[in-house]
Structures are given as C-alpha cells and as structure tokens.
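For the sequence shown, numbering that gives the first Met the number 0 begins at 0 and goes up steadily by one.
Below: one structure, written as structure tokens.
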Amino acid sequence: MKSTLFSSLILLAASAAHSQTSPAASDAGRSAPVAAEAAAATAPAPEKKPDVIFVPTPQAVVDEMLRMAEIGPKDVIYDLGCGDGRIVVTAAQRYGVKAVGYDIDPVRVQEAREKVRAAGVGHLVRIEQADVFTLDLTGASVITLYLLPQLNVRLMPQLARLRTGSRILSHNFDMRGAKPVEVRHVTVEPGGDGDFFVDEDGNHTVYKWVVPWEPEQAAP
Ligand SMILES: C[S@@+](CC[C@H](N)C(=O)[O-])C[C@H]1O[C@@H](n2cnc3c(N)ncnc32)[C@H](O)[C@@H]1O
0 MKSTLFSSLI LLAASAAHSQ TSPAASDAGR SAPVAAEAAA ATAPAPEKKP DVIFVPTPQA
60 VVDEMLRMAE IGPKDVIYDL GCGDGRIVVT AAQRYGVKAV GYDIDPVRVQ EAREKVRAAG
120 VGHLVRIEQA DVFTLDLTGA SVITLYLLPQ LNVRLMPQLA RLRTGSRILS HNFDMRGAKP
180 VEVRHVTVEP GGDGDFFVDE DGNHTVYKWV VPWEPEQAAP
C-alpha cells in the first residue's frame, strides 16, 4: 500500500534518527545489490549518521530531473546524498557530463562506486564520502537533491554561492523561502523502487530553482 508524502516524511526522518549503521536496512535496502550488502560487513561505520535514510529516486523521476536541468556539455552535476549513484551515472550516460556523488554512508559510497564501474563511466563520475553540509558546492552547475524539506533549507547558504544560472532540482521536497521556477509531477509505474513515496494523487514531484532564486513570500 502506498504511503502519502506526509507519512513518508515522518518515516524518512524517523528512520534516519533511529538507524545505527545502514539507513537503507528498511524498505529501500531491497534494491541494494548483494555485493554492496556484503561490503557493508567490512565498511567502516559512518562518523556522523545520515540525516535521512536511503530511498532511491525512481528512474522515471531521475530522467525528468535531468531533463528539467537542461544539461549542456559543460555542466557539472553534484548529487547531494547520492545513494546508489543512479542520478550521477544516468547524467554521465545520457549527457556525457562530469558528475560527483556525495554520500555520508560508506555502504552507499561503495554501492555507488560499483554502479559507476559497472556502467563504465568512471572517467566522468566520482563518488565521495562526505557530509553534504561541509561541502563547497561552487564547482557544480547543477545540483540534485532528494533529502528532506528542512535539509534543503539547511543547504541554502551553500547553494546560494553557486554561479548565476546554476540549476537545483529536488525530488519531492521544496525549499522554503525559495520560489521554484518550475514544478512538475511524474507518475511512476507502481511496484518500482522508491515508488512508495508519492503524494496523495500517486505522483512524484520535481522542483527546479535557478540561482539566484527568487525569494518566496511566507504563507499568511
Ligand atoms: C533519499 S536518499 C537519495 C538517494 C539518491 N540521491 C537518489 O535520489 O536516488 C538520501 C541519501 O542521502 C544520504 N545522506 C543523508 N544525510 C547525509 C549527509 N549529511 N551528507 C551526505 N549524505 C547524506 C543518505 O545516506 C542517502 O543515501
């Protein structure tokens, strides 16, 4: 049965707060390759716990995020909290651009590096273990996010330093105080991974901002 976005938010945040090692050990972990799970046994524990659990973005939503980003050959994409690396791998495969995936969880980092290797895009994609809140993001011209609304807001000081014209795409979660230039809804075939985090209409949402973003008036 599908959860609404509201209950999903609670689940995502609560799961991250209570997870001890791999935040993907719940539902989302079912998509992790066996090799990556085996690697988990030897991977060092993360120094800081993830702020949100791993839930993959369905491929149809990844495709829409990258389409909305209007990627050109000189763009550099950072996925903040890259999970299994699907966004950066897709960007390299489809658009031939450079991309960096950052994740705080060493299990996800190993899984993403394996995906990069298997896709043969190691010359374009780098995967780094890092806390996204410590990063200088100015090397990117496109940022992708699938975190939580409050985490997007916490990233705003870093995102505001991006070059003019840089694009920010967020799956499902807005960024309070920044008015999106575009919002699109994506319907995903039921049963795929990540498909349980949908809104009440059964859709995923993608938000786009262009730097510098227009401030959003607070709701009365
Ligand atoms: C909802 S998943 C999104 C995965 C991927 N971006 C996608 O859309 O398929 C969020 C990811 O963020 C990572 N994460 C959580 N807190 C983080 C932090 N402070 N720094 C870096 N990564 C973090 C988690 O380990 C998880 O893999």
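Glycine residues also receive a C-beta, built at the ideal position from the N, C-alpha and C atoms.
For phenylalanine 53, verify whether its CB is less than 6 Å away from any heavy atom of ligand 1. Answer for phenylalanine 53: yes, Cβ within range of ligand 1.
Leaving out the 5 sequence neighbours to the left and right, which residues in its chain are closer than 6 Å to valine 180 when beta-carbon positions are compared? Here the set comprises Lys207 and Val209.
Just checking my contact of aspartate 62 with cysteine 81 at CB under 8 Å: how many whole Å lie between their CB atoms? With 8 Å as the limit, aspartate 62 and cysteine 81 do not qualify as a contact, their Cβ atoms being about 16 Å apart.
With 16 other Cβ atoms within 10 Å as the buried cut-off, status of aspartate 78: Aspartate 78 should be labelled buried.
Using the Cα positions of arginine 112 and glycine 121, report the straight-line distance between them to the nearest angstrom. One Cα belongs to arginine 112, the other to glycine 121, and the distance between them is close to 8 Å.
Comparing the CB of threonine 56 with every heavy atom of ligand 1, is any distance shorter than 6 Å? Yes; taking the cut-off as 6 Å, the Cβ of threonine 56 has a heavy atom of ligand 1 nearer than that.
When you compare only the Cα positions, how much space is there between phenylalanine 53 and aspartate 192? Approximately 11 Å, taken between the alpha carbons.
Glycine 100 and isoleucine 70 - do their beta-carbons sit closer together than 7 Å? In this structure, isoleucine 70 lies away from glycine 100, with their beta-carbon atoms at least 7 Å apart.
Same chain only: Cβ atoms within 8 Å of valine 152, ignoring 5 sequence neighbours per side: Listed in chain order, the non-local C-beta contacts of valine 152 below 8 Å within the same chain comprise Met174, Arg175 and Gly176, local neighbours out to five positions each way being set aside.
Considering just the uninterrupted stretch of the beta strand (DSSP E) at leucine 134, what are its terminal residues? No beta strand (DSSP E) contains leucine 134, which DSSP labels as neither H nor E.
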